[in-house]
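Novice: If you read the sequence shown in our numbering, its first letter stands for residue 11, the second for the next number, and so on. Ideal placement from N, C-alpha and C gives every residue a C-beta, glycine not left out. Have a look at this one.
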Amino acid sequence: MSDQETTPAEAPASMVPPFPAADEARKWQEIDPGHLAWRRDLVERQLRLERLDQWAGYGFRLLEHAIVVGFGVAFVWLGFYAVDHKASMQVVPMIGGGIAALAGAVLAVRNRKA
């Protein structure tokens with residue numbers, strides 16, 4: 011592999027280069043009059059994508075909370091149903107296992123490396 015095919019390890023592929031300083035911007039303006047507008051559009055597009063990623067993250071976190079609350083309500087309902095029908099001892103392993111699995115899933119999601 012040549013040096014041109016590899017990307018530097020310290021800079022991710024989606025990283026937008028910083029906006030040039032005033033002297034460099036003046037040089038670019040002389041060489042290519044539309045370059046600074048192109049670079050500004052590139053930065054704005056990157057910022058829009060980052061905001062979209064943040065909103066998607068918020069949506070998935072909200073979905074995670076809704077699922078956890080839904081399962082919690084289902085376990086409480088199952089417990090009340092079992093007590094009403096005098097079958098609480100048969101349902102204890104199911105509720106205990108379900109709550110343990112739910113807690114394990116929540117902890118695994120919260121403690122994963124990003």
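Helix, strand or coil for Ile58? Go by DSSP, reduced to three states.
Specialist: Here residue 58 is taken as the residue at index 48 of the sequence shown, counted from 1. A quick correction: the sequence has Arg, not Ile, at residue 58. In this structure, Arg58 counts as helix in the three-state DSSP scheme.
Novice: Grab the span of the alpha helix (DSSP H) containing Lys37 for me, first residue to last.
Specialist: Against the sequence shown, residue 37 aligns to sequence position 27. Taken as a continuous stretch (DSSP letters only), the alpha helix (DSSP H) holding Lys37 covers 32 to 41.
Novice: Helix, strand or coil for Ala97? Go by DSSP, reduced to three states.
Specialist: Within the sequence shown, the letter at position 87 stands for residue 97. It is coil, neither helix nor strand.
Novice: Helix, strand or coil for Pro28, going by three-state DSSP, please let me know.
Specialist: Position 18 of the sequence shown holds residue 28. Coil.
Novice: Rounded to whole angstroms, what is the Cα-Cα separation between Met11 and Arg49?
Specialist: Position 1 of the sequence shown, counting from 1, holds the residue named residue 11. Position 39 of the sequence shown, counting from 1, holds the residue named residue 49. Confidence is the limiting factor: at Met11 the pLDDT is only 47, short of 50, which leaves the residue's position unreliable and the question unanswerable from this model.
Novice: Helix, strand or coil for Arg122, going by three-state DSSP, please let me know.
Specialist: As a first step, residue 122 must be located in the sequence shown, where it is residue number 112. Arg122 falls in the coil class under three-state DSSP.
Novice: How many whole angstroms separate the CB atoms of Leu88 and Val78, which I take to be in contact at a CB cut-off of 8 Å?
Specialist: As a first step, residue 88 must be located in the sequence shown, where it is residue number 78. As a first step, residue 78 must be located in the sequence shown, where it is residue number 68. 16 Å between Cβ atoms; not a contact.
Novice: Does Gly69 come out as helix, strand or coil in the three-state DSSP assignment?
Specialist: Working through the sequence shown from its first residue, we reach residue 69 at position 59. Residue state, collapsed to three classes: helix.
Novice: So which of Pro43, Ser98, Val116 has the shortest CA-CA distance to Leu72?
Specialist: Counting from 1 along the sequence shown, the entry for residue 72 is found at position 62. Checking every option, the nearest Cα to that of Leu72 belongs to Val116.
Novice: Report yes or no: do the segment 79 to 86 and the segment 104 to 115 share at least 3 C-beta pairs separated by less than 8 Å?
Specialist: Short answer: they touch.
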